[in-house]
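Student: So the protein sequences, as listed, match chains A and W.
FYI, the numbering for the first sequence is 1 to 1023, going by UniProt numbering.
FYI, the numbering for the second sequence is 1 to 373, going by UniProt numbering.
Cβ coordinates follow ideal geometry from the N, Cα and C atoms, glycine included.
Have a look at this one.
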Amino acid sequence: KTIKTFGGDEGRVHSRTIYVGHKSCPPNEAYIPPKFCDNRIVSSKYTVWNFLPKNLFEQFRRIANFYFLIIFLVQVIVDTPTSPVTSGLPLFFVITVTAVKQGYEDWLRHKADREVNEYRVSVLEDGRRIRKMSAKIKVGDIVEVEEDETFPCDLILLQSSRDDGTCFVTTASLDGESNHKVRCVAVYTGMETKMALNYQGKSQKRSAVEKSINAFLLVYLFILVSKALVCTTLKYVWQGKHDEPWYNEKTQKEKDTNQYLKMFTDFLSFMVLFNFIIPVSMYVTVEMQKFLGSFFITWDKDFFDPEIQEGALVNTSDLNEELGQVEYIFTDKTGTLTQNNMEFIECCIDGFQYKHGDGSSETYFDKKEELFLRALCLCHTEMGFIASSPDEIALVKGAMRYGFTFLGLESKNMKILNRNKDVETYELLHVLNFDPVRRRMSVMVRSKTGDILLFCKGADSSMFPQVRQEEVERIRMHVERNATEGYRTLCVAYKHLNAQEYARADADLREARLALQDREEKLMAVYNRVETDMILIGATAVEDQLQDEAAQTMEALQGAGMKVWVLTGDKMETAKSTCYACGLFKKNTELLELTLRTLEDGGRSREERLHDLLLEYHKKLLPFFPAVCCRSWSVAGHDYGFIIDGASLSMVLSSSSEPNSRRYKNLFLQICQNCTAVLCCRMAPLQKAQIVKLVKNSKGNPITLSVGDGANDVSMILEAHVGIGIKGKEGRQAVKNSDYAIPKLKHLKKLLLAHGHLYYVRIAHLVQYFFYKNLCFILPQFLYQFFCGYSQQPLYDAAYLTMYNICFTSMPILAYSLLEQHICIEVLLEHSTLYRNIAKNAMLRWKLFLYWTALGIFHGLVFFFGVRFLFSNPALQDNGQVFGNWSYGTIVFTVLVFTVTLKLALDTRHWTWINHFVIWGSLAFYVFFSFFWGGIIWPFLKHQRLYFVFANMLSSVSAWLVIILLILLSLLPEILLVVLRKPRGPHARQVTLNCIAGDPQSPQSSARPLLTRTFSDESNTVI
Amino acid sequence: MMASSYNAKEEDGHHSGSSTHGGTGAAKNKKPDNTAFKQQRLPAWQPILTAGTVLPAFFVIGLLFIPIGIGLYVTSNNIKEYEIDYTGVEPNTPCYDCANSFTWNSTTSCVCTVNFTLVQPFESNVYMYYGLSNFYQNHRRYVKSRDDSQLNGVQSSLTNPSKECEPYRTNPETKLPIAPCGAIANSLFNDTLELYYNHPDGNMTKVNLVKKGIAWYTDKHVKFRNPGNEKDNFTERFKGTAKPVNWMKPVYELDPLDPENNGFINEDFIVWMRTAALPTFRKLYRIIQKKPDSAPTLPSGRYFLNVTYNYPVRSFDGRKRMILSTISWMGGKNPFLGIAYITVGSICFFLGVVLLIIHHKYDTRSNSADIPN
């Protein structure tokens, strides 16, 4: 079973001339051997040599890093109040951490590349077979590829081990289609292969949180610039009155500097002084939170599937919090909602129904039944049980149950063991392959007796026109009933070919196969000609079982306010029944159909009908939604479901006239958004992506999530905000291109409701807290300018300025953002409505941001003026000695560190030992560090500003008292708010109480909001 | 999806060399560890702040803070403080002439005498401060204009002071390095204050002013060190340096009588070098020790303050004050802390009461709401 392939010429952009096997060219041809690249695959970004410059360049392209670099350079060049170390050290830290992370990821890529490049392939050279590394293949080499091997590069088929000279190639990794194709492919190697050319890298997905961060950043940048402007202006106003007292003369250099240049550098100095308001460390913490946080997904044992021995997979950690923001779920059907695990349920032969398990093996089989079973055994493309579609396996297994066993294919002879334990042999003449247009496939066999038979099976709609009509009606009834029950149905037909007919068909087929142009079309024409006038024998029903807990999962997701759309390539009836089975459509759901069938009903042109239907449905739905609300999911107990098929969708999306098209799109979207569930059937992979894109870009930019398992879902997985791959049976393409991969659909519930919710709450709090803590950090420093003649005198020591974000306040928030469970996981899973509380980026809205900002300003004012009033008499020690400016700053800083940390402690709802350790540890570290820093005359420091300042501060009772007072005063409104807020949100409290009691089903459900109650009551009845 | 000829074999498409995320490899083909940490099931304390738990806290804080505040307020009020402005801005004030006749180059110092009356006697130790107003010791250019390593007695810094000291780094004429360099040292407060008590019988006694113990212990003993060898005399140790421009005498003549208070470790100098936080400040000048007998340190009566007026402040609209103050455990007189504690305590108590009422009302409301179900 060897397939031999070799190089030839084919034009992609231009034509290539290649001499097969590197034979020297004939002397009479003018041939310049062109330079082709080798077959090395490079997906890595860096080498050892260019890593440093390239990585640094890439990093400083990020606007935040660039900003910090500028600040750093300003500090180096201009005489600024703080040393370059204060911003250089954090920046260095950030850059190093990121570089290490990216270096590690690139090392992984190098490793993957090496694996590919060192993959051994057989190359024929001078008639000998040599094992060679994949990377060493040159254009023109003859490559031998065995069955089940992957092609190392683009190839042209020279010879196949199959008798008919064809070979079957799975092209799933290339175009997302999973059909077998007979390929002729050009010889391109390395980075020029189709695969590499198609691999454009995923576009960087940005989460909504990141957008919020950037918006907040702009606000803070504005605050920063205005602070600097105010100070610069006031400085020059002040200097008009106070310039140069005798005790504080300017240096000669200052006197010489141009006035305007001086103003500019003053402005820059103020920028530097206040630049800590935009925290460099926030980016590190956010990155670390995402990176470390994603481990909890891979570690979750609930995601572990014993069948495939794998857990969840995280391909990107950038989108963790997006999992808590999903509004639309687009799901594939086969393999995602259903198991893609086919089971033969029943068949219908000649209008009679046979079900497995009614002792059918004892019943008498008439000729037609035997014929039907033979057809099942013969009509497939199997070459053994391994490489077959689940449908075919189910059918063959089904036939086996009735006594007909397919033994295998041996040199074009198919053997069947029939009920009488006799071996029947059929010579396989032709296979008329399946294609999605014809939607059927056939085999031509010659029986022992010399009869030539054609067996054909296919979808009912594609079979009925091709068979003699007298049989149809009886079968149609069964097929339709089976379809509504959620089974996949196939019709089976046969046909006797006389010698003359066969000869013609045979000739036509051979001719078509060898055609150089339009081969597909020609083959199709022949197939269609042959597959006519057949006799329908019967139909089969195969069940595609629902995934475990598919219904519960869908219920929970809908309860969480997400809209579930099913996008499938399957036919409407089957898809509809799956929707019913998994509870997306309920009994009382009114279905609105927009399919070819409904379009052709009215007898008018499709376009007009489409227009009418859209308007009609729109009218039907919109009265219930005076304001288009995307989140309501139940309309006064009346649910609507919407069904559209691929053909209708393409009409909606690409209507003839532009204004119409936009209008249709809007109508379509509004209809869809107001339906409980939407089913899109007969979708091409690209159409799936189109729908996702349409919703993604609709009003309000809802967050979309696509979940699928097959190569045909890749496009929608890539298109959606979050792409989830199911590690199903349809290969790895979906998993590879997804952001997260889970073994089963049921895991989606925990992934979104628990992990997503928690991640969102964590990171939202992290972001708000970071802005807050830096605002109240820098505000006192700003206020101090009003008391020091706008001279850019820092309030805090440089060590405190540097360490504040790196050491003193970074760990508690990191621990919080990794471990916080404001509501415990069981409750989150139990009450899916909790997910709605955080919908639409609820924790990063401007209102909340303003609250945090106001809190930061309040704290900053309290810190500064509290100490300011204390210092109206700086004699604070019991020996009459006085405190100076560094003591002032240290007292403010101590209050700051304690308040900010305790504020986080107040927000922490889930105190593990790590939280305790980190929160109390940070405070202890601050105290320890302050003693240590002030305890030694540091030889490398120019100024020993803090020498014993901290210890002296602690020796003053007044300092203690003011610190305690200010911390308490700062936290007072927060505590008050918590107390006042709780009674108004009894739901949250009750949930928390339940959480502790470990009993989520508490009887006091009356206190819950109406919406919640109705849902949980419903869910009680459903489940 | 008919997929009649669908091939379900795994096609790993190994050409796509895209790497997966770093944090993924570990869990592959392996059941995740069932540890509490990895499953996010660490035992946790889940505090809930409810009115019930916070209410007592409000009351406790209120009940704790109000007495503390009253204590602080009473303590602050019991501190005796007497402050006198001797700048000499007004024409009839004693130091008006001195303030007006001030020139940098005068060799003779101007002396003025301010008399005042203490109505109440000052018990226990009395601390004498000088206060300056509108003097920006916290101006950045000023704050950094010092060389701590020079002050720490490092020889190389003595002869080559830090650039931060500019323009008070070297003497403009002799080009000799200034010790101590910088604007702070240069502007050392150099008024001399002497206090005389006018006995009721008409005798004048000089009040004994102690000049030790006014600087931080660590500053005096560690942070500030004189350069050179202990055995050499001070002139030798400061050789090759110039005095600060505005000083009348070199640093080693600050207190020629006491080598432990001379040079960089002169306590007046050390106190001045600790820059004040705000433009209006006071600095400890002298301590008047309480008398061994029970007599008040400063009995009530008439006093004369003898000021050797060297320090010009009129050029920048500054004020000079002399402050006499007793000290309590909380430091000098400052009613702020007491008032703040009383206020915060009262607020807490008040909030506690309000919350109690709200809580009570809410509870009954929610109870009645619970009944229908």
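How would you list, in chain order, the residues of chain A whose beta-carbon sits under 7 Å from the beta-carbon of Ala276(W)?
Tutor: As a first step, residue 276(W) is located in the second sequence; it is residue number 276 there, counting from the start. Those are Pro874, Gly884, Asn885, listed as they occur along chain A.
Student: Strictly under 7 Å for the Cβ-Cβ distance: is Tyr136(W) near chain A by that measure?
Tutor: Indexing the second sequence from 1 puts residue 136(W) at position 136. For Tyr136(W), the answer is yes, since a Cβ of chain A falls inside 7 Å of its Cβ.
Student: For Gln289(W), count the other beta carbons within 10 Å of its own beta carbon; 16 or more makes it buried, fewer makes it exposed. Which is it?
Tutor: Locating residue 289(W) in the second sequence gives position 289, counting from the first residue. By the neighbour-count rule (16 or more Cβ atoms within 10 Å), Gln289(W) is not buried but exposed.
Student: Distance, Cα to Cα, Phe849(A) vs Ile329(A)?
Tutor: Numbered from its first residue, the first sequence carries residue 849(A) at position 849. Numbered from its first residue, the first sequence carries residue 329(A) at position 329. Between Phe849(A) and Ile329(A), the C-alpha separation is close to 29 Å.
Student: If we ignore side chains and look at the alpha-carbon of each, how far apart do Met282(A) and Asn229(W) end up?
Tutor: Here residue 282(A) refers to the residue found at position 282 when the first sequence is read from its first residue. Here residue 229(W) refers to the residue found at position 229 when the second sequence is read from its first residue. Met282(A) and Asn229(W): Cα-Cα distance of roughly 52 Å.
Student: Please list the partners that Arg909(A) has in chain W, where partner means a Cβ-to-Cβ separation under 7 Å.
Tutor: By 1-based counting over the first sequence, the position of residue 909(A) is 909. Under the 7 Å cutoff, chain W gives Gln46.
Student: Taking its Cβ as the centre, do 16 or more other Cβ atoms sit within 10 Å of Phe92(A), making it buried, or is it exposed?
Tutor: Position 92 of the first sequence, counting from 1, holds the residue named residue 92(A). So Phe92(A) ends up on the exposed side.
Student: For Ser203(A) and chain W, any beta-carbon pair shorter than 7 Å?
Tutor: By one-based count along the first sequence, residue 203(A) stands at place 203. Residue confidence is low: Ser203(A) scores 49 on pLDDT, short of 50, so the model does not pin down where it sits. Its coordinate-derived value is still stated next. By this cut-off, Ser203(A) is not an interface position.
Student: Measure the Cβ-Cβ separation of Pro780(A) and Gly860(A) and say whether it is below 7 Å.
Tutor: Locating residue 780(A) in the first sequence gives position 780, counting from the first residue. Locating residue 860(A) in the first sequence gives position 860, counting from the first residue. Against a cut-off of 7 Å, the Cβ pair of Gly860(A) and Pro780(A) comes out as a contact.
Student: Could you check how far apart the C-beta atoms of Glu424(A) and Asn418(A) are, in whole angstroms? I think they sit under 8 Å.
Tutor: Walking along the first sequence from the start, residue 424(A) turns up at place 424. Walking along the first sequence from the start, residue 418(A) turns up at place 418. The Cβ separation is near 6 Å, so the contact holds.
Student: Ignore the nearest five residues each way along the sequence and tell me which others in Leu323(A)'s own chain have a CB closer than 7 Å to its CB.
Tutor: One-based indexing of the first sequence puts residue 323(A) at position 323. Val722, Leu751, Leu752, His755, Gly756, Tyr759.
Student: Based on the DSSP output, what are the partners of Leu305(W) in its beta bridges?
Tutor: In the second sequence, residue 305(W) corresponds to position 305, counting from 1. Answer is Val114(W), Leu195(W).
Student: Would you please verify whether the beta carbon of Gln500(A) is less than 7 Å from any beta carbon of chain W?
Tutor: Taking the first sequence and counting its residues from 1, the one referred to as residue 500(A) is at position 500. False, the Cβ-Cβ gap to chain W never drops below 7 Å.
Student: So is Met441(A) buried or exposed if we call it buried at 16+ other beta carbons inside 10 Å?
Tutor: Stepping through the first sequence from its first residue, residue 441(A) is reached at position 441. By the 10 Å Cβ count, Met441(A) comes out buried.
Student: Would you say the beta carbon of Val74(A) is closer than 6 Å to some non-hydrogen atom of the ligand PLP?
Tutor: For the structure depicted, the ligand PLP is absent and the ligand set is empty, with no information on it obtainable.
Student: With DSSP collapsed to three states, give me the class of Trp916(A).
Tutor: On the first sequence, position 916 is the one that residue 916(A) refers to. Per the sequence shown, the amino acid found at residue 916(A) is His instead of Trp. His916(A) falls in the helix class under three-state DSSP.
Student: Residues in the same chain with beta-carbon distance under 8 Å from Val89(W), minus the five sequence neighbours each way, listed in chain order, please.
Tutor: Taking the first residue of the second sequence as position 1, residue 89(W) is located at position 89. Hits under 8 Å: Tyr96, Ala99, Arg314, Arg319.
Student: Taking only beta-carbon atoms, is Cys788(A) less than 7 Å away from chain W?
Tutor: The residue labelled residue 788(A) in the question sits at position 788 within the first sequence. Chain W, which has a Cβ nearer than 7 Å to the Cβ of Cys788(A), makes this yes.
Student: By Cβ distance below 6 Å, which residues in the same chain neighbour Ala689(A) in space, the five residues on each side in sequence not counted?
Tutor: To locate residue 689(A), count along the first sequence from 1; it is residue 689. Excluding residues within five positions, the ones whose Cβ falls inside 6 Å are Ser715, Met716, Glu719.
Student: On a CA-only basis, which of Thr343(W), Glu260(W), Val74(W) is nearest Phe224(W)? Give me that one, please.
Tutor: Start at 1 with the first residue of the second sequence, and residue 224(W) comes out as number 224. It is Glu260(W).
Student: Taking a Cβ distance cut-off of 8 Å, strictly less, list which residues of the stretch 320-347 of chain W are near chain A, in chain order.
Tutor: Against chain A - using a Cβ distance shorter than 8 Å - the residues of the stretch 320-347 of chain W are Ser325, Ile327, Ser328, Trp329, Met330, Gly331, Gly332, Lys333, Asn334, Phe336, Leu337, Ala340, Tyr341, Val344, Ile347.
Student: Is there a Cβ from chain A that is less than 7 Å from the Cβ of His139(W)?
Tutor: Reading the second sequence from its first residue, position 139 is the one you call residue 139(W). By this cut-off, His139(W) is an interface position.
Student: Output the boundary residues of the alpha helix (DSSP H) element that contains Glu608(A).
Tutor: On the first sequence, residue 608(A) is found 608 positions in, with the first residue counted as 1. 606-621 is the extent of the alpha helix (DSSP H) around Glu608(A).
Student: Would you mind telling me which residues of chain A sit closer than 8 Å to Ser187(W), beta carbon to beta carbon, in chain order?
Tutor: Position 187 of the second sequence, counting from 1, holds the residue named residue 187(W). Within 8 Å Cβ-Cβ: Trp246, Tyr247, Asn248.
Student: Can you pull the chain W neighbours of Gln877(A), defined as C-beta to C-beta under 7 Å?
Tutor: As a first step, residue 877(A) must be located in the first sequence, where it is residue number 877. Chain W residues near Gln877(A): Gly331.
Student: Near Arg302(W), which residues of its chain fall below 7 Å by C-beta distance, leaving aside the five closest residues on each side in sequence?
Tutor: Residue 302(W) sits at position 302 when you count from the first residue of the second sequence. Asn115, Thr117, Asn198.
Student: Identify, in the order they occur along the chain, each residue of the same chain with its Cβ nearer than 7 Å to the Cβ of Thr170(W), setting aside the five sequence neighbours on each side.
Tutor: Within the second sequence, residue 170(W) is the residue found at index 170, counting from 1. Hits under 7 Å: Leu176, Pro177, Ile178.
Student: Would a C-beta distance cut-off of 7 Å place Leu193(W) and Val74(W) closer than the cut-off?
Tutor: Stepping through the second sequence from its first residue, residue 193(W) is reached at position 193. Stepping through the second sequence from its first residue, residue 74(W) is reached at position 74. No. Outside cutoff.
Student: Less than 7 Å between CB atoms is the rule here; does Ile975(A) satisfy it with respect to chain W?
Tutor: Locating residue 975(A) in the first sequence gives position 975, counting from the first residue. Yes - at least one Cβ of chain W is within 7 Å of the one on Ile975(A).
Student: Assess, as a yes-or-no matter, whether the stretch 676-688 of chain A is touched by the stretch 660-668 of chain A under the definition of 3 or more beta carbon pairs within less than 8 Å.
Tutor: At 8 Å Cβ cutoff, the stretches do not touch.
Student: Going along the chain, which residues of its own chain have a beta-carbon closer than 6 Å to the beta-carbon of Tyr926(A), five neighbours each way excluded?
Tutor: Here residue 926(A) is taken as the residue at index 926 of the first sequence, counted from 1. Hits under 6 Å: Phe808, Val897.
Student: Given that Phe281(W) touches chain A, what residues does it touch there, using C-beta distances under 7 Å?
Tutor: Indexing the second sequence from 1 puts residue 281(W) at position 281. Those within 7 Å of Phe281(W) in chain A are Pro874.
Student: Only counting runs of 3 or more residues, tell me where the beta strand (DSSP E) segments fall wholly within the stretch 411-452 of chain A, in order along the chain.
Tutor: 413-417, 423-432, 440-446, all fully within the stretch 411-452 of chain A.
Student: So is residue 1026(A) buried or exposed if we call it buried at 16+ other beta carbons inside 10 Å?
Tutor: In the structure as shown, chain A begins at 1 and stops at 1023. Residue 1026(A) is therefore absent and cannot be evaluated.
Student: Can a CB atom of chain A be found closer than 7 Å to the CB of Glu166(W)?
Tutor: Here residue 166(W) refers to the residue found at position 166 when the second sequence is read from its first residue. With 7 Å as the cut-off, Glu166(W) counts as an interface residue toward chain A.
Student: How close, in whole Å, do the beta carbons of Ile671(A) and Leu621(A) come, if the pair is a contact with beta carbons under 8 Å?
Tutor: As a working note, residue 671(A) is residue 671 in the first sequence. As a working note, residue 621(A) is residue 621 in the first sequence. Ile671(A) to Leu621(A), Cβ: 6 Å. Contact.
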